[in-house]
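In our numbering, the protein residues as written are 26 to 230. To keep things clear, I will list the structure first and then write my remarks on it.
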């Protein structure tokens with residue numbers, strides 16, 4: 026019985042152990058095929074049948090994420106058959122800010138993004154002279170470096186048109202979910218169902 030409990034505990038610890046990966050060197054990026062995005066946590070991955078001019082080829086989309094210096098708002102795709110990365114240029118007048126811990130779900134020929142911990146300003150260390158530091162998110166562990174930005178929970182809703190690669194922010198009615206991150210979400214017919222999540226910036230509530 027003790028061995029079974031220990032095995033379950035080890036499995037849970039393995040699943041919950043998140044680590045930032047170092048950004049690849051230019052040589053490593055070229056070897057992997059295309060320009061590989063840098064290391065980050067809390068990005069969203071979504072398998073689609075192709076985007077933009079690459080319709081039909083199975084691709085894995087990666088959006089957002091964060092490291093110690095900033096939240097990212099970029100969108101990358103890797104073509105699985107060839108292992109080729111590329112950064113996608115996305116248009117639209119209303120775009121999500123840098124965000125991590127959000128959800129992205131496929132809806133017909135669109136992708137729905139909700140919530141997450143979102144950057145409030147341009148918080149890149151390279152763009153600001155900010156000297157204040159913040160405790161890292163709790164899942165990073167006690168030995169993690171201080172963060173140079175302090176994203177806040179969001180309840181913003183955005184839609185990405187897959188064919189044209191542009192963002193829109195739809196008008197919604199009624200009282201939506203409170204701002205949150207690391208929640209669950211799914212599409213049920215024409216409804217986005219949101220469950221749970223953390224409601225404070227340090228992921229403790």
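Virtual Cβ for every residue (Gly too), placed ideally from N, Cα, C. Bear in mind that the values here come from a model prediction, so they are computed numbers and not experimental data.
For residue i and residue j, which I take to be in contact (beta-carbon distance under 8 angstroms), what is that distance rounded to the nearest angstrom?
i: residue 135; j: residue 187; result: 6 angstroms
i: residue 190; j: residue 115; result: 5 angstroms
i: residue 164; j: residue 175; result: Not really, about 16 angstroms apart at Cβ, beyond 8 angstroms.
Using a threshold of 9 angstroms, state whether the C-beta atoms of residue i and residue j are closer than that.
i: residue 143; j: residue 194; result: no
i: residue 60; j: residue 97; result: no
i: residue 93; j: residue 171; result: yes
i: residue 138; j: residue 182; result: yes
Excluding five sequence neighbours on each side, which residues of the same chain lie with their C-beta closer than 8 angstroms to the C-beta of residue i?
i: residue 26; result: Residue placement at residue 26 cannot be trusted, given a pLDDT of 48 that sits under 50; what the coordinates show is reported in the next sentence. So no residue of the chain qualifies.
i: residue 225; result: 178
Could you compute how far the alpha carbon of residue i sits from the alpha carbon of residue j?
i: residue 149; j: residue 128; result: At residue 149 the pLDDT is 46, less than 50, meaning the model places this residue with poor confidence; the figure from the coordinates comes in the next sentence. If I take the Cα positions, the gap works out to 23 angstroms.
i: residue 117; j: residue 192; result: 5 angstroms
i: residue 166; j: residue 67; result: 15 angstroms
i: residue 218; j: residue 102; result: 26 angstroms
i: residue 213; j: residue 132; result: 9 angstroms
i: residue 119; j: residue 91; result: 21 angstroms
i: residue 104; j: residue 121; result: 24 angstroms
i: residue 99; j: residue 126; result: 14 angstroms
i: residue 145; j: residue 62; result: 22 angstroms
Near residue i, what residues of its chain come up, given a Cβ to Cβ distance below 7 angstroms and the 5 sequence neighbours on each side ignored?
i: residue 208; result: 128, 140, 219, 220, 221, 222
i: residue 73; result: 84, 86, 131, 187
Among residues of its own chain, excluding the 5 on either side of residue i, which ones have a beta-carbon nearer than 6 angstroms to its beta-carbon?
i: residue 34; result: Its pLDDT being 41, under 50, residue 34 is placed unreliably in this model, and the value from its coordinates should be taken loosely. Cβ neighbours of residue 34 beyond the five flanking positions: none.
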